[in-house]
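Participant: Have a look at this one before I ask anything.
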Amino acid sequence: MKEPTFNVHFIEEFPFENISTFSLVFVPVYLCKFFRLTVEMSGTDMNTLPNDIDEFATSRFWETFYQKTGNNFEWYGEFRTFGSVLMKYLKHSDDILQIGCGSSCLADSLYDNGYKNIVSIDIVRSVIRKQIHRNRKRRPELTFSRGDATNLEYADESFNAVLDKGTLDAVMSTKTEKCLDRANAMFAEVHRVLKTNGRYIVLSLCQSFVFEAWINFFSEKNYMLRAVCGSNDFDSGVMFPLPLFFLVAIKLSSPLQDPVLTECHFHCRTFRIVLFVFLRLWKFTIEKCEGQFVHQLKRWANASSKHNRTACSAFTCEQGDWIGGRNPLNFERQVQILQEFDGNIRYTMYLVEDSTFTDYSSLYAIFIVPPNKQREWLYSCTEGRKKLCRLSKVKRLAVVIVRNSNYDIVEVRKDLDTIVMDFAPIELLNGTALYLTVDSPNLSSKILEKGVTMYSGDYLIMDEKEGDHLFRRIVFSEYPGVVQSEARLLQNSQQVDLNYLTCSHHSEFLHSLPAKWTTGDQEIRILIVGLGGGSLPMYIRNNFPSFHVVVVEIDPCVVEAAKKWFSFVADERLRVEVDDGVRYVRNAFFRKEHFDAILIDVASSDHVDGLFAPLPQFVAVEILQVYKELLYPNGVIAFNVMAYLESKVDEIINDLRTIFPFTKTKKMKNYINQLVFASLDPNYGDNFNSTDSDDSMSVIVTEFSANLTLSNTVQLSNSA
1 MKEPTFNVHF
11 IEEFPFENIS
21 TFSLVFVPVY
31 LCKFFRLTVE
41 MSGTDMNTLP
51 NDIDEFATSR
61 FWETFYQKTG
71 NNFEWYGEFR
81 TFGSVLMKYL
91 KHSDDILQIG
101 CGSSCLADSL
111 YDNGYKNIVS
121 IDIVRSVIRK
131 QIHRNRKRRP
141 ELTFSRGDAT
151 NLEYADESFN
161 AVLDKGTLDA
171 VMSTKTEKCL
181 DRANAMFAEV
191 HRVLKTNGRY
201 IVLSLCQSFV
211 FEAWINFFSE
221 KNYMLRAVCG
231 SNDFDSGVMF
241 PLPLFFLVAI
251 KLSSPLQDPV
261 LTECHFHCRT
271 FRIVLFVFLR
281 LWKFTIEKCE
291 GQFVHQLKRW
301 ANASSKHNRT
311 ACSAFTCEQG
321 DWIGGRNPLN
331 FERQVQILQE
341 FDGNIRYTMY
351 LVEDSTFTDY
361 SSLYAIFIVP
371 PNKQREWLYS
381 CTEGRKKLCR
391 LSKVKRLAVV
401 IVRNSNYDIV
411 EVRKDLDTIV
421 MDFAPIELLN
431 GTALYLTVDS
441 PNLSSKILEK
451 GVTMYSGDYL
461 IMDEKEGDHL
471 FRRIVFSEYP
481 GVVQSEARLL
491 QNSQQVDLNY
501 LTCSHHSEFL
511 HSLPAKWTTG
521 DQEIRILIVG
531 LGGGSLPMYI
541 RNNFPSFHVV
551 VVEIDPCVVE
561 AAKKWFSFVA
571 DERLRVEVDD
581 GVRYVRNAFF
591 RKEHFDAILI
601 DVASSDHVDG
611 LFAPLPQFVA
621 VEILQVYKEL
631 LYPNGVIAFN
641 VMAYLESKVD
651 EIINDLRTIF
661 PFTKTKKMKN
671 YINQLVFASL
681 DPNYGDNFNS
691 TDSDDSMSVI
701 VTEFSANLTL
711 SNTVQLSNSA
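The letter at position 714 of the sequence shown is residue 714 when you use UniProt numbering, and the numbering goes up by one with no holes.
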């Protein structure tokens, strides 16, 4: 074989070494140029190239091509250059279909790695005959047959995985309606033959119009979408010098509520910037995601000896070249920094700008939030962080939440130093950024239990000392900056103080109840949806003898944790039901049950359109009607609401007002929570205190101004 040669002019068109001058010529690219480079590297006669790019989609061209090339021809490199990524999405028991196999040894390599159930098809008869001849003795279980990917001869839901190594790129050789129709026909067949939870795995150069077609089709078909950059750890002599991407579409049984593209992984600064260039072009994606387009990126960096490689995930959008700072951040972005050794989130970083604020003294700062401050309004919601940006007097603020109990400002600085420069405004290149934090009382913590719940994922139960008191808390890994439940411990004891409420919304709920209920002998029925540690129902049982409480909790793991760590005990006046809250409410309606008060206190591990709590199904109009039927005429229902967008709270209130004569909101001081009340009694407001002003902002700002401290500055540079 001849030594590989390279098309010098082609390489010059894509100056990967000089990222600062990287241009959009990469997207779209001409498939002929990719093909030319691949052919030259293989030492193949260049006369095999087509005169017309549309010929890539014809069987006539491929018959001629494989006759001339003769030997095995590997599009986009050999298995050893990308196999480790591919095998992450395959199981040895999978039934696998490879479309457009050509003369590639992909099926051979997979077979040798334990994947035996592989069917490969191609439109070219000659390569199928060669594949059969090459593998019939060494790999007798492999199946090769002539077939058209746009008209597959297999039954519905026949395969767990469909592999596509360059076929989509050949089918969509140009940005034309004809090519798009062919691609959609192929997508439809792939969708038909895939089983639920099956994967369509494409190895592609990821031209923008190819990626657009892929997203447009599979986002409408209940698929989880991922984009992963293939490994660039190539062996000498077999390197394919262009960034290759795995596009993975996972077939789901029900639609996702998340944005279209859930993840994008890639492994170096060059490829990351390439993908950012891609993302900024796709307005169609942004429209589908209502202004937010979620993707993930992985960048390996020497952050510190403890976290020597860092993975980031980020929000980006079509709003402009914000990553380089040429345009402002039009809405907040989130970046998650993962620990390589276990994949858990180490930090969550929010990038904030307030375009209306011009009186800034610095361009960029990094604000590190101590763990015991993370639940406060200023740090835990978009509006609060925007206020924090103004108070810090910076153009762009990176608000960093430390996601576990090991808080050391020096270690945090080491971790962040090599990351924060990637998100600085362009004016700050070769400049400095400030590290800011806020004074915090000493906080020590002890992890009591780690576990996984059925519905909320990983959790920690820990004791944390603040001042003179010890608090027991439940924290979910997927819920940044929010303690799911907490209770204060008795002094010099490991027992929970059942006569003390630490959560302000619990106290506000009880304060909203009529005084005659809490002091009288009449039986009062309370329904609480969401148990947590059980502090509120235990407090009610201990202090209000006439109250009878029903608590509904969907997750049995939470019930067990409440019993084990929070002294929760059920009895005849305190009943706990392990059930879906909405289902229980509906069944209670059919049983003709009634309650004096209802508290909906449930949250999600992820926000839906800016709403963390309650879950959307608990505030749907049809279920609000059911609450109305469950309440006594003078009863009240309260919702613990956590929303990043005030408009979501307004939507809930507006829906309640169509059903209930009385509605009211009460914001929790210093926190994102607010209680939304509703009652059938138009005069129910008489039960509230007459002075109900919310001075939380003034308290926060005063505290912040008094305690803001400045850490050392960090020098930013152009290099990663």
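Yeah, the Cβ is synthetic: ideal placement off N, Cα and C, and Gly gets one too.
Please read all numbers here as calculations on a predicted model, not as lab measurements.
(1) Tell me, which residues are paired with residue 333 by DSSP?
(2) State the Cα-Cα distance for the pair residue 437 and residue 224, rounded to the nearest angstrom.
(3) Can you list, in chain order, the stretches of the alpha helix (DSSP H) that have 4 or more residues and sit fully within the UniProt domain "Methyltransferase" (93 to 206)?
(4) Going residue by residue through the stretch 551 to 597, where are the continuous alpha helix (DSSP H) segments of at least 4 residues, counting only ones entirely within it?
(5) Hey, could you find the ends of the alpha helix (DSSP H) residue 498 is sitting in?
(6) Can you tell me where the beta strand (DSSP E) holding residue 417 begins and where it ends?
(7) Using the Cα positions of residue 353 and residue 448, report the straight-line distance between them to the nearest angstrom.
(8) What does the Cβ neighbour count give for residue 421, buried or exposed, with the cut at 16 atoms within 10 Å?
(9) Shortest alpha-carbon distance to residue 600 belongs to which of 251, 531 and 97?
(10) For residue 451, collect the residues of the same chain with a Cβ closer than 7 Å to its Cβ; drop the 5 residues on either side in sequence, then sort them by chain order.
(11) Look at the alpha carbon of residue 382 and the alpha carbon of residue 410, and state the distance between them as a whole number of angstroms.
(12) Determine the burial state of residue 93: buried for a count of at least 16 other Cβ atoms within 10 Å of its Cβ, exposed for fewer.
(13) Could you check if residue 111 is buried or exposed, using at least 16 other CB atoms within 10 Å of its CB as the buried criterion?
(14) If you draw a straight line from the alpha carbon of residue 377 to that of residue 193, how long is it in whole angstroms?
(15) Let me know the secondary structure DSSP gives residue 523 once reduced to three states.
(16) Go to residue 483, then tell me how far its beta strand (DSSP E) extends in each direction, as first and last residue.
(17) Thinking residue 196 and residue 137 are a contact (beta carbons under 8 Å), I'd like their distance in whole angstroms, please.
(18) How should residue 691 be labelled, buried or exposed, when 16 other C-beta atoms within 10 angstroms of its C-beta is the threshold for buried?
(19) Can you look up residue 45 in the DSSP assignment and give me helix, strand or coil?
(20) Can you tell me the Cα-Cα spacing of residue 82 and residue 201, whole angstroms?
(21) Does the separation of the CB atoms of residue 108 and residue 135 fall below 8 Å?
(22) Give me the residue from 90, 127 and 133 with the minimum Cα distance to residue 117.
(23) What does the Cβ neighbour count give for residue 587, buried or exposed, with the cut at 16 atoms within 10 Å?
(24) Can you name, in chain order, every residue of its own chain whose Cβ lies under 6 Å from the Cβ of residue 399, other than the five neighbours on each side?
(25) Once the 5 residues before and after residue 503 are set aside, which same chain residues still bring their CB inside 6 Å of it?
(26) For residue 76, does the three-state DSSP call read helix, strand or coil?
(27) Is the Cβ-Cβ distance between residue 733 and residue 662 less than 8 Å?
(28) Report the three-state DSSP secondary structure of residue 642 (helix, strand or coil).
(29) Can you name, in chain order, every residue of its own chain whose Cβ lies under 8 Å from the Cβ of residue 514, other than the five neighbours on each side?
(30) In or out: residue 348 buried (at least 16 other Cβ within 10 Å) or exposed?
(31) Under the three-state reduction of DSSP, which class applies to residue 624: helix, strand or coil?
(32) So what's residue 547 in DSSP terms, helix, strand or just coil?
(33) Kindly list the residues whose CB is nearer than 8 Å to the CB of residue 199, restricted to its own chain and excluding five residues on each side of it in sequence; keep chain order.
(34) What does a CB cutoff of less than 7 Å around residue 361 pick up in its chain, not counting 5 residues either side in sequence?
(35) Pairs of beta-carbons, one from the stretch 567 to 585 and one from the stretch 541 to 552, closer than 8 Å: are there three or more?
(36) Check residue 210 in the structure and name its three-state DSSP category.
Facilitator: According to the structure data:
(1) 351
(2) 38 Å
(3) 106 to 112, 125 to 135, 167 to 171 and 177 to 193
(4) List check, alpha helix (DSSP H) in window: 556 to 565 and 581 to 590.
(5) Unbroken run through residue 498: none, as it is neither H nor E.
(6) Careful: residue 417 lies outside any beta strand (DSSP E), inside the alpha helix (DSSP H) at 409 to 417.
(7) 39 Å
(8) buried
(9) 531
(10) 459 and 557
(11) 27 Å
(12) exposed
(13) buried
(14) 49 Å
(15) Residue state, collapsed to three classes: coil.
(16) 483 to 488
(17) Residue 196 to residue 137, Cβ: 36 Å. No contact.
(18) Its pLDDT being 40, under 50, residue 691 is placed unreliably in this model, and the coordinates cannot settle the point.
(19) Interpretation of residue 45 is limited by its pLDDT of 44, a score under 50 that renders its predicted location unreliable; the figure taken from the coordinates is listed afterwards. Three-state result, residue 45: coil.
(20) 12 Å
(21) Yes, the pair counts as a contact, with Cβ atoms nearer than the cut-off.
(22) 90
(23) Flag for residue 587 reads exposed.
(24) 350, 367 and 385, listed in sequence order.
(25) Around residue 503: no qualifying Cβ.
(26) Coil at residue 76, not helix or strand.
(27) Since the first residue shown for the chain is 1 and the last is 720, residue 733 is missing from the structure and cannot be characterised.
(28) strand
(29) 634 and 687
(30) buried
(31) helix
(32) Correct three-state label for residue 547: strand.
(33) The residues 89, 90, 160, 161, 162, 248, 249, 250 and 251, in chain order, have a CB closer than 8 Å to that of residue 199 in the same chain once the five nearest residues on each side in sequence are set aside.
(34) Answer for residue 361: 393, listed in chain order.
(35) yes
(36) helix
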